Structure formats: structure tokens, C-alpha cells
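Undergrad: Here it is, the structure in full.
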Amino acid sequence: MGCEYGLSRSSLAGSEVRELLFRGKFADVEALSRGDADAVRSVLGASLRHRLSRLPCREHRVALVFGGNGFVGAHLVARLSREPGIEQVWVAGRAMGEGGVEQRFDKTVARYAVSGAERSKIRWVEATPTRVRFGLTEAAYGELAGEVDLVFNCASSSDYSASYLELRDDWVLSLLRVLQFATEGRRKHLTYMGSLSSYFYQQPEDFRRPDSWWYSGYAQMKWVNGRILQHLSSELPLTLCESPYVLGATDVGLDPGLTYSWWRVIEIARSLGLIWDGPGMGYVPVDVLVDCLVVNALQAMPQSRLLPRNPVPYRNGLLAELLDAELVSWEEFLAEAERRIPVRRIGSALSENPNRLVEIVNEPSVVMPEVCWSPELDNRRLLELYLSKVPFRNIARPAELSA
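What follows is the structure in C-alpha cells.
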């Protein structure tokens, strides 16, 4: 029998998230402790089932994007605004300092050269899923719930150093709030941006590992949220997009750069003039990703799981060519990095053999058939573009000084 509890430190009884019934107060902690995805299986409460049965058929006129002033979110907002059937796109985000939601969106658009946004369709609202009713008044929340047809949740922490317990109240509870919102006012489809880093947690021993840069609280948070959504996918209209690295758009190639762990590792390789032999990391250009998300959400029967990524695998030999680097074994690469790269630069980025990590996350692509990866978008052209845009530094000590 389920209990009316959620996943924060305090009981959610009496709060706005009360209609997903879990087995206990700390179902997520139990799931992570035991490596048991079934621990976060929930059932829909009777009031929720009754409300869903009375909602009218879903439409596609109004979209809401949480995290719409971020890298993926801004591209998604632009793509939605160009869709003929979409009449309005709400951008939900936080105001920071002197910059409101619109100003933050404009800064992101300028930083990543996002093009094609139809401003006449876009509206901004200061709202965040980390707060009760997204920080809105009860009236404003109800009005928004009665207007929105499509919800896209791109909001998330990107702090790999934070523990799961530091992230859970904001980024697990926020998902429950968004799920609640998606069942209120009118029938909605929810798309959630997950991460393939959650795939690092597969075997019981994976869940017993201490936190690290790769096996992080962030990856654990994405694992928990992904399992919650997978269990609900037969009950609610939702899509879990398990994304690999989201790189720049295919025309401009701009992405968060050295914020990404992968680019930090490539910076080490470029500085050494060496790269290890092994499979290349999967990726998806941001414009291909958002096209996939929008096309799927507009279907009469959207897929419940998406995994858009480069359809043709590549190996690091291609990166060796593009970087003019020597291809060596992982052991040789690691030894040279430890000899010539300052410890503060290596950090935890090389704490795991990347060949093993890549093999875990290089899952086959799962996309809508309407979304095509054009033949001209080959790995060589795209990787050459990306490498020309990342502001790499030379962080290696000269070989003669490291002897």
C-alpha cells in the first residue's frame, strides 16, 4: 500500500505534491542504497486518476519551458516558436541580479548565436520548479496550468561536486512538482531532459561506490528521476530524453565548452599531443536534439523514451587526426598526464578509464523516424567544427621540464 510521502527530508503530506504515492518517505534513498529501481515505483492517487479522466483531449497550442534561459532551453524555445501550430511559448526561469528572465534569455541567445526565435510568440514568467507553485501566486499558477499543453523540463543542476542529498530537495522534488502541474488544468505532455550519466549505475557495486566526478550526486539524481518517470510512463503522457553530451548547433558549433567534463579531458589530450585509443564519446548537436524533442511531443502518441545521438560511431583515431595528436594506450596517456599536467587541472576528470565509461553510455539511438540525421552531418565535419570553437588552453608542462 502506498503512503502519501514524497522524497524530501520532511513529509510532503499537506504540501502541493501529494498525489503520487510511494512506498515510504525516503523511497529514493532506499533505491540508491539497494540499487533497486522498484523502490521509486509510485501509483496514482484516486483523486489524480479521477481528475485525469475528466480532462479534455490534449492540444498543442501553448508550450512551457523550464530552464528556457539555459543552453538547451533557449534553443528549444526558438524551435518551438517556429512551429506553425504553436501559438505561444512560455519561458520559465529565475531572475538573477539585475537581469530578469527575458534579459537572461537574451544573453543566452547572444552567447550561443541562437537564431530564428519568433519573439511575438514568446512570453516570460519568473517561475522555478524548485519552489512551491513555482513561486507563483495561487491564481497565477492556476491560470498557467489551465493554459499550457506541452511542458519541457530542461532545468537542472550541473554541479558534479554536490552530493545527492544536497541536490534532492531541489531537483527531485522539483520533478514531482512539474508532474503535479502536468496533471492540472488541462491535459499536458511532459518532456524531461535526463542524462546518460545515469547509466553509470547498473550493478549493485555501482551504488556502493563513493561519490566521484563521474559517479556523482548529479548522476544519482538523474538516475532517480529517470526511474520515477519510467515507472509512470504507462500512466501519464510523458517522455524521458536520456541525452548524451549536447554539443553546439550544426551551423555555429557553440556550446558550454570547458564546462563539460569531456572537453576538459580533450583539453588535456590536446595539451599533451596524445590521445588514448578507444571508442569516441557519443553526442548530439543541440539543434538536432530540440528538433527531436518538439517533433516527438507533437505526435498523437509521443514516444516515452528518446535517446538522440550520433548514429555512426567513431573512434578516437579521428580526434587524433583533428588534434594532430599521437594515438597511444590509455595507460600511456594517463602516465604522461600525471607527469606533465598539474594535479589541479586533472582534478577527477581522469579518475575513471574513459573507454569503460564510453562503452556504458554509447547506447543505440532511439529517435522519432521523422527526425533525420542529415548525411552532411558526419562526425568529422561536426567534431572539426566543435574543436575550433572550444577555448582550449595549453595546460601541460614542457616535456623537458617534466623528465
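Heads up: take any position in the sequence shown, counting from 1, add 39, and you land on our numbering. Backbone N, C-alpha and C fix where the C-beta goes; we use that ideal spot for every residue, glycine too. As the structure is a prediction and not an experimental result, all values here were calculated from the model.
Under a three-way DSSP split, which group does G174 fall into?
TA: In this structure, G174 counts as helix in the three-state DSSP scheme.
Undergrad: Cβ atoms of H228 and P347: under 8 Å apart, would you say?
TA: Their beta carbons are not under 8 Å apart, which means P347 does not touch H228 by this criterion.
Undergrad: L206: buried (16+ other C-beta within 10 angstroms of its C-beta) or exposed?
TA: Buried.
Undergrad: Under a three-way DSSP split, which group does G132 fall into?
TA: The answer is strand: DSSP assigns G132 an E or B state.
Undergrad: Short check: CB of C331 to CB of V285, under 8 Å?
TA: No, the Cβ-Cβ distance between C331 and V285 is not below 8 Å.
Undergrad: What separation, rounded to the nearest whole angstrom, lies between the Cα atoms of I451 and R436?
TA: With the chain represented from 40 up to 442, any question about residue 451 goes unanswered, as that position is not in the structure.
Undergrad: Give me the Cα-Cα distance between V104 and V116, rounded to the nearest whole angstrom.
TA: So the alpha carbons of these two residues sit roughly 7 Å apart.
Undergrad: In the structure shown, what three-state DSSP assignment does F110 receive?
TA: DSSP places F110 in helix when its eight states are reduced to three.
Undergrad: Output the boundary residues of the alpha helix (DSSP H) element that contains F246.
TA: From DSSP, the alpha helix (DSSP H) with F246 extends over 243-246.
Undergrad: Over what stretch of residues does the alpha helix (DSSP H) that includes T147 continue unbroken?
TA: First-last of the alpha helix (DSSP H) with T147: 140-150.
Undergrad: If I follow the unbroken alpha helix (DSSP H) through Y203, where does it start and stop?
TA: Counting along the chain, the alpha helix (DSSP H) containing Y203 begins and ends at 203-210.
Undergrad: Identify every run of the beta strand (DSSP E) within the stretch 309-386, keeping only runs that are complete inside it and at least 3 residues long; order them along the chain.
TA: List check, beta strand (DSSP E) in window: 313-315, 322-324, 365-367.
Undergrad: With R420 as the anchor, note down where its alpha helix (DSSP H) starts and where it stops.
TA: 418-428 is the span of the alpha helix (DSSP H), which, as asked, contains R420.
Undergrad: Taking 8 Å as the cut-off, decide whether the C-beta atoms of L313 and V367 are in contact.
TA: The answer is yes: Cβ separation under 8 Å.
Undergrad: Could you say if the stretch 82-94 and the stretch 109-124 meet the contact criterion of at least three C-beta pairs nearer than 8 Å?
TA: No, they do not touch.
Undergrad: Count the other CB atoms within 10 Å of the CB of L311; is the residue buried (16 or more) or exposed (fewer)?
TA: Classification for L311: buried.
Undergrad: Assign T222 to buried or exposed, taking buried as 16 or more other Cβ atoms, counted over all protein chains shown, within 10 Å of its Cβ.
TA: When all chains shown are included, T222 counts as buried.
Undergrad: Just confirm the distance between the C-beta atoms of R156 and W129, as a whole number of angstroms; I'd bet it's less than 8 Å.
TA: Reading off the sequence shown, one finds Ala at residue 156, where the question assumed Arg. That pair is no contact at about 14 Å.
Undergrad: Considering only the beta carbon of each residue, do L279 and S343 sit closer than 8 Å?
TA: Yes, the pair counts as a contact, with Cβ atoms nearer than the cut-off.
Undergrad: Given K160, which residues of its chain have a CB within under 6 Å of its CB, disregarding the five upstream and five downstream residues?
TA: Taken in chain order, the residues that qualify are S120, Q127, V128.
Undergrad: So the candidates are L91, V82, S72, R57; which of them puts its Cα closest to the Cα of I267?
TA: Nearest option by C-alpha distance: V82.
Undergrad: CA-CA distance, V333 and R383?
TA: Going by the C-alpha atoms only, they are around 41 Å apart.
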